[in-house]
C-alpha cells in the first residue's frame, strides 16, 4: 500500500488518463516478491545462520543486562497490557501501536500509558530495531543482498553500459530503514515514523569523480543530509563501496553462507573429512592467493583478528566452529564408550 500511495502522489493522471474525477489515480505496476522469498528488500527469507547468530545476540550478557536494568518497566507494561512480555519486540510493538493511535485517534490510547516513561519506551523500541543488525555478521546476512543490488545499480549508472533508469524507488518497512541506517553508522536509536524515506543520490563532481549523498526524510520534515560513518558527506562512490564491502553479498553467496550453519554430520568420520576439505581448499588456497592475509597470520596469529581482511575471517571462523563441533562429537563418542 505504501508503494501505491507514493506512486499515486508522484504520478497523478492527466487529461485522457483521468477516468474518475473523484479519484485522481491511475494504475501503475508495483513489482513484488513474496516476503518469505525476498532476501533483498523485506529481508524475511529464512537464513539458518542468521537466526542462530541473532539468537546468540539476544542471549548475550549485554541484552540480558539491559533487560534487568528495565525490569520494572517490563513488569509495569505486562501488568497493564495483559501481555506476557518476554522480549524487546513487544515493547517495539507497543511503541508502534501507541504511535498509530496518537497519529489517528488519540482517544484509543489507554489511560495507563500516560504514566509510562516515554524516553525509556522509545529507547527500548529503538534498541529492538537495532538488534537485527547488531554485529557485522548480522548486518551481512540481513542486508548484504540489498547492498549488492544497490551497488550494482549504481555501477550500471556509472559505466552507462545499459539503459539503466536514473530513478529507482523501493518500498519496504521500518525494520528495513533502521537496518540500513545502522549499517551505515547513522542510526540514532529513534524508531522510524510512518513514510520515513532513505535517499541515496549518486552525483558527479566537476572533476569527473562520482560520490554519494545520503538523505533521511522524516514525515512532514525536509530531507536531512547524513554523513556515512568513516566517510565524508560527499562520500566518494569507490570509498562508499569499500565501506560496505564486508557486509555486501550477492544472493547466490548469501544462500551458501546461510546454509553453512545448518550443515549436519552423520558421523565423526564424515565431520573429520569435512574438516580436511576446509583445511585444504580454504586455508591453503586462500592464503596462497592473499599474501597480505598470510603475512598477518604469521606476524600476529589469531590475536590480531581484525587486522586481517574480514572476508578471510569468515572462512576462519567457520573452520573454528567446525573444529569445536568435532571436539564436542568426540567427547560424546568417548562418553558413550565409557558407559
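In UniProt numbering, the protein residues as written are 1 to 339.
The C-beta atom is built at its ideal place from N, Cα and C for all residues, glycine as well.
Would you identify the three-state DSSP class for residue i, choosing helix, strand or coil?
i           : result
residue 32  : coil
residue 235 : strand
residue 132 : helix
residue 182 : helix
residue 200 : strand
residue 187 : coil
residue 230 : coil
residue 213 : strand
residue 224 : strand
residue 256 : helix
residue 145 : helix
residue 193 : coil
residue 177 : helix
residue 306 : For residue 306, the pLDDT reaches just 36, beneath the cut-off of 50, and the residue's location in the model is therefore unreliable, although a value from the coordinates is still provided. Reduced to three states, the DSSP call for residue 306 is helix.
residue 207 : coil
residue 11  : coil
Can you tell me which of the options puts its alpha carbon nearest to the alpha carbon of residue i?
i           : options            : result
residue 86  : 58, 112, 98, 245   : 58
residue 247 : 5, 31, 150         : 150
residue 21  : 204, 12, 29        : 12
residue 221 : 198, 204, 55, 212  : 198
residue 29  : 253, 214, 81, 8    : 8
residue 236 : 253, 201, 251      : 201
residue 243 : 253, 147, 117, 104 : 147
residue 6   : 16, 26, 15, 18     : 26
Can you list, in chain order, the residues of its chain with a C-beta nearer than 7 Å to that of residue i? Leave out the 5 residues immediately preceding and following it.
i           : result
residue 113 : 98
residue 78  : 84, 85
residue 95  : 121, 122, 125, 191
Enumerate in chain order the residues of its own chain whose CB-to-CB distance from residue i is below 8 Å, with the five nearest sequence positions on each side excluded.
i           : result
residue 219 : 193, 194, 195, 196
residue 166 : 157
residue 44  : 35, 36, 38
residue 190 : 122, 126
residue 67  : 74, 88
residue 120 : 70, 73
residue 90  : 77, 83
residue 153 : 164, 168
Return the chain-ordered list of same chain residues with a C-beta closer than 6 Å to the C-beta of residue i, the five sequence neighbours on each side being excluded.
i           : result
residue 181 : 187
residue 92  : 125, 128
residue 240 : 212
residue 360 : The requested residue 360 is not part of the displayed model; the chain covers only 1 to 339.
residue 215 : 199, 223, 225
Could you give the uninterrupted runs of the alpha helix (DSSP H) lying entirely in the segment 64 to 122, keeping only those of 4 residues or more?
-> 71 to 81, 88 to 104
Touch test, the segment 253 to 260 against the segment 134 to 151, Cβ-Cβ under 8 Å, three pairs minimum | yes
Assess, as a yes-or-no matter, whether the segment 226 to 242 is touched by the segment 169 to 186 under the definition of 3 or more beta carbon pairs within less than 8 Å.
-> yes
Taking three-plus beta-carbon pairs below 8 Å as touching, is the segment 49 to 64 in contact with the segment 115 to 133?
-> Taking 8 Å as the limit for Cβ pairs, the verdict is that the segment 115 to 133 does touch the segment 49 to 64.
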